[in-house]
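Trainee: Can you read through this structure? Questions will come right after.
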Amino acid sequence: METLVWENTMGDRTRWGLLAVLVGCGLGVAAPPAIAQDYRSSQGLVNFADWCRQRDRLDPAARHTVGALLRVAKTQDCEQAWRNLAELSVLDLSNQNIQDVSPIASFNHWRALSLPGNQIRDLRPLAGMSSLRQLILGFNQVQDLSPLKDLNQLEMLDLTRNQITALPQEPGLARLRSLILLGNPLRQHTCPFRPITVCLFDDPGAPLTARAQAAIDQGNWPEAIAQLQQARDQYQALGDRSRLAKTQVQLGNVYLQLGEFARALEVQQAAHGVIAETGDRPTIGLVMANLTETYERLGQYHQAEAWLDRAIANAAEQATAAIPLDGGLYELPKQQGYLAAWLSQVQLRQGKAAQAVVSAQQGVQFYNLLPEDYPGKAIGMTKAQLMLGEALRVVGRRSEARSALEQVRQLAQTHGDRPGEAQAWEQLALLANDAGDREQARAGFEAALAIHRSTGARAEEGRLLTRLGEFYWGQGAAPQAIDHLFQAIERWESVRPGLSDDNKIALADTQAQTYRLLQEALIAQGQAGQALEVAERARARAFVELLAARSGHLANQPNPAASPPPTLSQIQQLARDRRLTLVEYTIGQRSLHIWVVNPQGDVTLRTVSVAGDSAEATLATQIQNLRRTLPQGQLLAAELRRQLNGLHRQLIAPIADLLPTDPQEPVAIVPQGLLFLVPFAALQADDGQMLIDRHSLFLTPAIDVLRLQFAENPPDRALASDVVVGVDRAALVVGNPVMPAVPPVWGAAPSPLSNLPGAESEARQVAQLLQVKPLLGAQATKGEILNRITQARRIHLATHGLLDDLGNSGMPGAIALAPAAGDDGLLSAGEIMELRLAAELVVLSACDTGRGRITGDGVLGLSRSFLAAGADRVVVTLWKIPDEPTAILMGHFYAALQQGRSPVAALRQAMIQTRDRYSNPFQWAAFTAVGRPD
9 METLVWENTM
19 GDRTRWGLLA
29 VLVGCGLGVA
39 APPAIAQDYR
49 SSQGLVNFAD
59 WCRQRDRLDP
69 AARHTVGALL
79 RVAKTQDCEQ
89 AWRNLAELSV
99 LDLSNQNIQD
109 VSPIASFNHW
119 RALSLPGNQI
129 RDLRPLAGMS
139 SLRQLILGFN
149 QVQDLSPLKD
159 LNQLEMLDLT
169 RNQITALPQE
179 PGLARLRSLI
189 LLGNPLRQHT
199 CPFRPITVCL
209 FDDPGAPLTA
219 RAQAAIDQGN
229 WPEAIAQLQQ
239 ARDQYQALGD
249 RSRLAKTQVQ
259 LGNVYLQLGE
269 FARALEVQQA
279 AHGVIAETGD
289 RPTIGLVMAN
299 LTETYERLGQ
309 YHQAEAWLDR
319 AIANAAEQAT
329 AAIPLDGGLY
339 ELPKQQGYLA
349 AWLSQVQLRQ
359 GKAAQAVVSA
369 QQGVQFYNLL
379 PEDYPGKAIG
389 MTKAQLMLGE
399 ALRVVGRRSE
409 ARSALEQVRQ
419 LAQTHGDRPG
429 EAQAWEQLAL
439 LANDAGDREQ
449 ARAGFEAALA
459 IHRSTGARAE
469 EGRLLTRLGE
479 FYWGQGAAPQ
489 AIDHLFQAIE
499 RWESVRPGLS
509 DDNKIALADT
519 QAQTYRLLQE
529 ALIAQGQAGQ
539 ALEVAERARA
549 RAFVELLAAR
559 SGHLANQPNP
569 AASPPPTLSQ
579 IQQLARDRRL
589 TLVEYTIGQR
599 SLHIWVVNPQ
609 GDVTLRTVSV
619 AGDSAEATLA
629 TQIQNLRRTL
639 PQGQLLAAEL
649 RRQLNGLHRQ
659 LIAPIADLLP
669 TDPQEPVAIV
679 PQGLLFLVPF
689 AALQADDGQM
699 LIDRHSLFLT
709 PAIDVLRLQF
719 AENPPDRALA
729 SDVVVGVDRA
739 ALVVGNPVMP
749 AVPPVWGAAP
759 SPLSNLPGAE
769 SEARQVAQLL
779 QVKPLLGAQA
789 TKGEILNRIT
799 QARRIHLATH
809 GLLDDLGNSG
819 MPGAIALAPA
829 AGDDGLLSAG
839 EIMELRLAAE
849 LVVLSACDTG
859 RGRITGDGVL
869 GLSRSFLAAG
879 ADRVVVTLWK
889 IPDEPTAILM
899 GHFYAALQQG
909 RSPVAALRQA
919 MIQTRDRYSN
929 PFQWAAFTAV
939 GRPD
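In the working numbering, the protein residues as written are 9 to 942.
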C-alpha cells in the first residue's frame, strides 16, 4: 500500500513522499464515483478532456497545469487522459511549478491532492472539490484559505511555508482535524477550530523552553523560571493557547519544587482557564494531572482525587477517539503513564498498597511504549518506577523494591534528573531503615537532603529534615532530632505565604507530624515551655494570620502574609493581664500532653499515658462512644456517667489541682483534633460533680487567637457593661425562617428542611428580652439578614445549621434562611467569613453549629467564620438539642447577660439552671462559648 509521508511537526524542513491513503483519515483506493459536471470555468470548459483539447488557447499558467496532468496520465490523448485521471482517487503534483489549479478542479471526486513546492496563490478553483479529505499545499504562495471553507469532507490541510498572515474567524471546514501552518508570517497563533490541536503553528518559544528544561534537569530553578516566563509571555502575545497552557504547567511544577505553593496553584489554575474550553484533550489532561499533583502536595486530598478522576476520564475519552495527527500516537500513552503513576500515589496514601503496585506497573508499561528519546519519557518513567518501588516496599517485596529504586536512581543520574535522584535516595533510605540498616538509611536521607538543598526545593527540604528527625528520634538521639525538626518547621513555614486560607489549613495538616515529633522530643528533654511554643506554632496558624490580616496587625511585619507565633513570655503575659487559666492539649503518639498556664503566668505540663498504640485512635473511640450514648442518657444513665468520668480522668483529673478554685474565674480550653467535640462542661469527676459546677469554661482554637482578639478590642468594650437599647440595629434575632430546600444526601433531589416551631418561640422570647422585633418565617431572607447583620451588636440565629461544604469552598457549614428571588436561602460559612461584623456576641441556636471539619487549624465551620468576620465571641452547639430545653436555656442565658454577667459566666449559669430541670447532659451540655470570655 502506498503511503504519504510527511515529517516535521515542530521544525522547518518538510520531506515530501509519495501521496497515498491514510487509514486514519478514512482514505481508500476504491474506484472513483462518477465525475460530477458541476465545475464551470470562465471559458465554459466542463471536464478535463475539454481543457486538454483547448490547451493551446489557454493562458500559459493553465496550459502548464494541463501538461502536468497529461504527464501523470501518461498519454497525450485527451479522452484517454481524462479516463486515466478519472480512475485515480489521489493526485501528487509536487514541485511542478504550478500556478493555476483550475484544470485540476475539474476532477471533484479526488479525495487527496498533493501540490507542495509550486507557485499557487489562488485557491478559489478548489472550492468545488467537495470530496477532498487531504490537501497538501506546502511551500506555495497562498495568502487566504477562506475559499476552502465549504470543503466539509476535508480532514487534513497542509499550508507549510505559505504567505498567510491571518486566519478567518469563521473558517468552516467542519471535519478538519489537522491544519499545518508552519513557516507562515502569522501575526497571531489563535486557532479558530475546536479542538485547537487542529492547528500546528511555529514554535518561537522552543529555544526558551529547551533552555528551561535543561535548567530544570540541573536544578537551576531561577534560570528555569526566567526562561519559562519569557516563553509564556511570547505564547500569550501570539494567542497560542496550547503552548501557553503547557508552559504554565511547567512553570507551576518549578514553583512546586521550590515550595512556592501559592504561585504553583495560581499558574496551574490559570493554565486550566486558558485551555479548558479549547477541546485540546492532551493538554487539558496534562493540566488536570498537574493540578492533581499540586493539590496532593497541599494536602487537599479530595481536590486531588477529583482532578485525578477528571484526568483519567479525559484520557479514556482520548483513547476511544481517533488519533490526532499532531504527535498524538505517543502523547496518549505518555499521559496514561503519568496518570497511572499518580493513581498509584493516591492509592498508597489510601492504604491500598497492592492496588498501587498494579497501577505503577501499568504506568511503567505505558512509558515503555514510547521511543527512548521521546520528550518526557525519562522523567515520566522515573516517576512510575519510583511509585512502583515505593509500593513494593510497602507491601514487603523488598528485593523487587530495591531493584526498581536502583533503576530509578540510575535513570535519574543518566538524565540529570536531580529531583528524581533525590526521591530515589529517600525511598532507598526507607527501605534500608525497614531492614534495620540504620547507617545506610541515614546516608540515603542525607544524600536526598543534600540534593534538595542544592536545588533550593524548600518543601522537599522540610520533608527530608522531618525524615531525619524521625530517624534520630527513633534512635533515641533527641538533641539531633530537635535540631532537624526545628529546621524542618522553618522550611514548612517559609512555603505558606500567599496561600489561601483553606490551602494553608490543608498544607499545615500534612506537616503536623513534624510539630508533634518536635513537641515530644522537647518534652523528653525537659523543655516544656519551648514545647508549648511549638504547640502554638502548630495550631490555627491560618486562622491567626487571617485575624491578624483583617485587624491590621501584620502591617509592620517583615513578611506581611505571616503572623509570628507567640513566645512563652507572651503567653504568660496574656494569662496575667486577663486573669485567665489557659489549658492547652496536644495528642502525642501514646500520650496526652496538657499545659496549664495560671493567672500568675506559671506554666505546668502534665503528661497522661493513653491506652493502645495510638492515643488519637483511643480518644476518638471514647468520644464517638460518648456522642452515641448522650441521646439515650435517660435509659443509659450509668453508662453515660462512666463515659463522662472516663474522659474526666484523662482530660481534667491530671490537672484538677492547677485549675482555679473560684467557679467564676474563666478557664480557656484549647483542644486539639476530636477534643473539639468533647462536651467539657458535662465531664464528671469521681465525686459526681461536673466540670461546669467548678469552672466557667470557654474554647479557643489557639492561645494566639485569644491574644489577637484582646489586642483588637480593648476590655472596656465588654458586652456585660452595655445597656440594651430598644432599637432594631442593636440586635438581630432570627427564628424559624421559611426553610430552603437542600439534598438530604449527596446527589439526591433537594427537599425543604424541617420546620422549627420551637425555634420561632425561642426567637420571640429572645427578641422580647432584647426589645427588638424578630425576623420570622418569610421575613428572614438571606438578603434581609445580610442588610442588617453587619450593624448588629448581638446576633441570635435560631434555625438549622448545616455541616456541608457548599460550593466546595473548603469551608464547611451554612445557616438556613428563607430563600428569595436570586438566592437559595443558604448563608455559607465562606460567605460569612467575608463579612465585616461589629458583633460582640453571636448565638447560633441551631443543630450542630459548633461542628465542622476538624483540622490542625481547629474546627472549620460556622464558629470560625463568625470569629474571622469580626465577632468577639460565638455560642454554638455540638449536637441538635430539643426545642424546649433550648428555649429555657436561652431564656436563662439572656437574663444573666442583662444582670451584668459575662457571656461565659452567663452560659455557665444558664446550663446549671437548665440542668436542674433536665438532668440528661444531652439536653443542656451541647452549648459552648468560643472566643473572648469577657
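Beta carbons are placed, not taken as given, at the ideal position from N, Cα and C, and that holds for glycine.
Would you tell me roughly how many angstroms separate the C-alpha atoms of CYS207 and ALA214, rounded to the nearest one?
Mentor: Residue numbering aside, residue 207 sits at position 199 when the sequence shown is read from its first letter. Residue numbering aside, residue 214 sits at position 206 when the sequence shown is read from its first letter. Each residue's Cα considered, the two are about 17 Å apart.
Trainee: What number of angstroms, rounded off, separates the C-alpha of GLY388 from the C-alpha of GLN344?
Mentor: For this step, residue 388 is matched to residue 380 along the sequence shown. For this step, residue 344 is matched to residue 336 along the sequence shown. Whole-angstrom Cα-Cα distance: 10 Å.
Trainee: Check whether the Cβ atoms of ALA57 and ILE106 sit closer than 9 Å, and answer yes or no.
Mentor: Translated into positions along the sequence shown, residue 57 becomes position 49. Translated into positions along the sequence shown, residue 106 becomes position 98. No, they are not a contact pair.
Trainee: In its own chain, which residues sit with a C-beta less than 6 Å from the C-beta of SER817, not counting the 5 before and 5 after it?
Mentor: Position 809 of the sequence shown, counted from the start, is the residue given in the question as residue 817. Because SER817 carries a pLDDT of 42, less than 50, the predicted location of this residue cannot be relied on, and the following value inherits that uncertainty. The answer, listed in chain order, is GLY838.
Trainee: Taking the straight line between their C-alpha atoms, what separation do you get for LEU825 and LEU190?
Mentor: As a working mapping, residue 825 is identified with position 817 in the sequence shown. As a working mapping, residue 190 is identified with position 182 in the sequence shown. Going from the Cα of LEU825 to the Cα of LEU190 covers about 59 Å.
Trainee: Can you give the Cα-Cα distance for VAL282 and GLY247, rounded to whole angstroms?
Mentor: On the sequence shown, position 274 is the one that residue 282 refers to. On the sequence shown, position 239 is the one that residue 247 refers to. Between VAL282 and GLY247, the C-alpha separation is close to 10 Å.
Trainee: Use the C-beta contact count for GLY534: other C-beta atoms within 10 angstroms, 16 or more gives buried, fewer gives exposed.
Mentor: Translated into positions along the sequence shown, residue 534 becomes position 526. Label assigned to GLY534: exposed.
Trainee: Checking 9 Å against the spacing of the C-beta atoms, do ALA430 and LEU472 come in under that value?
Mentor: Counting from 1 along the sequence shown, the entry for residue 430 is found at position 422. Counting from 1 along the sequence shown, the entry for residue 472 is found at position 464. The answer is yes: Cβ separation under 9 Å.
Trainee: Have a look at the DSSP bridge pairing and note the partners of ILE595.
Mentor: The residue given as residue 595 occupies position 587 in the sequence shown. DSSP lists LEU600 as partners of ILE595.
Trainee: DSSP state of ALA706, grouped into three classes?
Mentor: Translated into positions along the sequence shown, residue 706 becomes position 698. In the sequence as presented, Ala is not what sits at residue 706; that position holds Phe. Of the three classes helix, strand and coil, the one that applies to PHE706 here is strand, per DSSP.
Trainee: Could you check whether LEU778 and HIS808 sit closer than 9 Å to each other, using their CB atoms as the reference points?
Mentor: Indexing the sequence shown from 1 puts residue 808 at position 800. Indexing the sequence shown from 1 puts residue 778 at position 770. Going by C-beta atoms, HIS808 is not nearer than 9 Å to LEU778.
Trainee: What number of angstroms, rounded off, separates the C-alpha of PRO893 from the C-alpha of LEU714?
Mentor: Here residue 893 corresponds to residue number 885 of the sequence shown, with the count starting at 1. Here residue 714 corresponds to residue number 706 of the sequence shown, with the count starting at 1. C-alpha separation (whole angstroms): 30 Å.
Trainee: Name the residue from THR522, ILE112, TRP118 whose alpha carbon lies nearest to the alpha carbon of ARG132.
Mentor: Taking the first residue of the sequence shown as 1, we reach residue 132 at position 124. Considering only alpha carbons, the answer is ILE112.
Trainee: Out of VAL750, SER769, GLN917, THR300, state which residue places its alpha-carbon closest to the alpha-carbon of PRO760.
Mentor: Start at 1 with the first residue of the sequence shown, and residue 760 comes out as number 752. Per the Cα distances, VAL750.
Trainee: Indicate whether PHE718 and THR936 have their beta-carbon atoms separated by less than 9 Å.
Mentor: In the sequence shown, counting from the first residue as 1, residue 718 sits at position 710. In the sequence shown, counting from the first residue as 1, residue 936 sits at position 928. Not closer than 9 Å, so no.
Trainee: Could you pull the start and end residues of the beta strand (DSSP E) that GLN527 belongs to?
Mentor: Numbered from 1 along the sequence shown, position 519 holds the residue referred to as residue 527. Where GLN527 is concerned, there is no enclosing beta strand (DSSP E), although the alpha helix (DSSP H) it sits in stretches over 520-532.
Trainee: Could you spell out where the beta strand (DSSP E) holding ASP166 opens and where it closes?
Mentor: Walking along the sequence shown from the start, residue 166 turns up at place 158. 164-166 is the span of the beta strand (DSSP E), which, as asked, contains ASP166.
Trainee: For HIS423 versus ASP225, is the C-beta distance shorter than 9 Å?
Mentor: Taking the sequence shown and counting its residues from 1, the one referred to as residue 423 is at position 415. Taking the sequence shown and counting its residues from 1, the one referred to as residue 225 is at position 217. A contact, by the Cβ cut-off of 9 Å.
Trainee: Can you confirm whether the segment 531-547 touches the segment 629-645 when touching is taken to mean that 3 or more C-beta pairs between the two stretches lie within less than 8 Å?
Mentor: As far as the Cβ criterion goes, the segment 629-645 does not touch the segment 531-547, which means the pair count is below three.
Trainee: Would a C-beta distance cut-off of 9 Å place LEU834 and PRO748 closer than the cut-off?
Mentor: Stepping through the sequence shown from its first residue, residue 834 is reached at position 826. Stepping through the sequence shown from its first residue, residue 748 is reached at position 740. The answer is yes: Cβ separation under 9 Å.
Trainee: I'd like the list of long-range same chain contacts for ARG649, defined as Cβ closer than 7 Å, with 5 residues on each side in sequence excluded.
Mentor: The residue you call residue 649 lines up with position 641 of the sequence shown. Result list for ARG649: GLN692, in chain order.
Trainee: Quick check: the segment 877-886 against the segment 617-632, are at least 3 beta-carbon pairs closer than 8 Å?
Mentor: Contact fails: fewer than three Cβ-Cβ distances are below 8 Å.
Trainee: Only counting the same chain, and skipping five residues up and downstream in sequence, which positions put a Cβ closer than 6 Å to that of VAL938?
Mentor: Locating residue 938 in the sequence shown gives position 930, counting from the first residue. Within the same chain, VAL938 has close Cβ partners LEU707, SER871, VAL882.
Trainee: Please name the residue, chosen from ALA81, TYR243, CYS86, that lies closest to VAL98 on a Cα-to-Cα basis.
Mentor: Reading the sequence shown from its first residue, position 90 is the one you call residue 98. That would be ALA81, whose Cα lies nearest to the Cα of VAL98.
Trainee: Less than 7 Å between C-beta atoms, sequence neighbours within five positions excluded: which residues of the same chain meet that for ALA409?
Mentor: The residue given as residue 409 occupies position 401 in the sequence shown. For ALA409, where only same-chain residues beyond five positions count, the Cβ hits under 7 Å are GLY397, LEU400, ARG401, LEU439.
Trainee: Distance check for PRO574 and ALA485, CA to CA, integer angstroms please.
Mentor: As a first step, residue 485 must be located in the sequence shown, where it is residue number 477. As a first step, residue 574 must be located in the sequence shown, where it is residue number 566. One C-alpha to the other measures close to 28 Å.
Trainee: Is the CB-CB distance between GLY596 and ARG524 below 9 Å?
Mentor: The sequence position of residue 596 within the sequence shown is 588, counting from 1. The sequence position of residue 524 within the sequence shown is 516, counting from 1. Yes, the Cβ-Cβ distance between GLY596 and ARG524 is below 9 Å.
Trainee: Roughly how many angstroms separate the alpha carbons of GLN88 and LEU134, rounded to a whole number?
Mentor: Residue 88 sits at position 80 when you count from the first residue of the sequence shown. Residue 134 sits at position 126 when you count from the first residue of the sequence shown. Taking the straight line joining both Cα atoms gives about 23 Å.
Trainee: Pull the bridge partners of PRO745 from the DSSP assignment, please.
Mentor: Stepping through the sequence shown from its first residue, residue 745 is reached at position 737. Bridge partners of PRO745: GLY785.
Trainee: Flag this pair as yes or no: are the beta carbons of ALA738 and LYS790 separated by less than 9 Å?
Mentor: Counted from its first residue, the sequence shown places residue 738 at position 730. Counted from its first residue, the sequence shown places residue 790 at position 782. Going by C-beta atoms, ALA738 is not nearer than 9 Å to LYS790.
Trainee: Just to confirm, are LEU153 and ILE172 a CB contact at a threshold of 9 Å?
Mentor: Within the sequence shown, the letter at position 145 stands for residue 153. Within the sequence shown, the letter at position 164 stands for residue 172. Yes, these two residues count as a Cβ contact at 9 Å.
Trainee: Please report the straight-line C-alpha distance between ALA437 and VAL604, rounded to a whole angstrom.
Mentor: By one-based count along the sequence shown, residue 437 stands at place 429. By one-based count along the sequence shown, residue 604 stands at place 596. Computed Cα separation, rounded: 40 Å.
Trainee: Going by alpha carbons, who is nearest to HIS900 out of LYS888, ARG169, ALA913, PRO890?
Mentor: Taking the first residue of the sequence shown as 1, we reach residue 900 at position 892. That would be ALA913, whose Cα lies nearest to the Cα of HIS900.
Trainee: Out of GLN680, GLY830, LEU845, which one is the CA nearest neighbour of ARG802?
Mentor: Within the sequence shown, numbered from 1, the residue matching residue 802 stands at position 794. The option with the nearest alpha carbon to ARG802 is LEU845.
Trainee: Return helix, strand or coil for ARG110, following the three-state DSSP convention.
Mentor: Walking along the sequence shown from the start, residue 110 turns up at place 102. A quick correction: the sequence has Ser, not Arg, at residue 110. Coil at SER110, not helix or strand.
Trainee: State buried or exposed for ARG185, treating a residue as buried only when at least 16 other CB atoms are found within 10 Å of its CB.
Mentor: The residue labelled residue 185 in the question sits at position 177 within the sequence shown. Label assigned to ARG185: buried.
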